[in-house]
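Residue numbers (my numbering): 464 to 541.
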């Protein structure tokens with residue numbers, strides 16, 4: 464269960480062994496999602512339009528933050 468990164472290392476990563484962790488982006492809207500990504504060693508984009516507490520999520524210093532899902536394309540393309 465999140466924020467334990469076990470599911471990333473045992474299920475997700477083996478499905479995509481050719482990808483380096485720097486090529487993977489977790490998108491989440493809660494502190495638990497952000498902690499999961501940090502524990503897994505991957506970048507994380509906080510979706511501020513979701514359910515997470517703003518102060519709590521920003522304190523976790525997500526790699527990226529978006530206010531609307533339409534902003535995600537620009538992050539992924541770069």
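The C-beta atom is built at its ideal place from N, Cα and C for all residues, glycine as well.
Please read all numbers here as calculations on a predicted model, not as lab measurements.
- The beta carbon of residue 503 is closer than 8 Å to those of 468, 471, 472, 484 and 489 in its chain, skipping five residues each way along the sequence.
- In the three-state DSSP reduction, residue 520 falls in the helix class (H, G or I).
- Going by DSSP, residue 538 is part of the alpha helix (DSSP H) stretching over 535-540.
- The DSSP-derived three-state label of residue 528 is strand.
- Residue 482 sits in coil when the DSSP states are folded into three classes, being neither helix nor strand.
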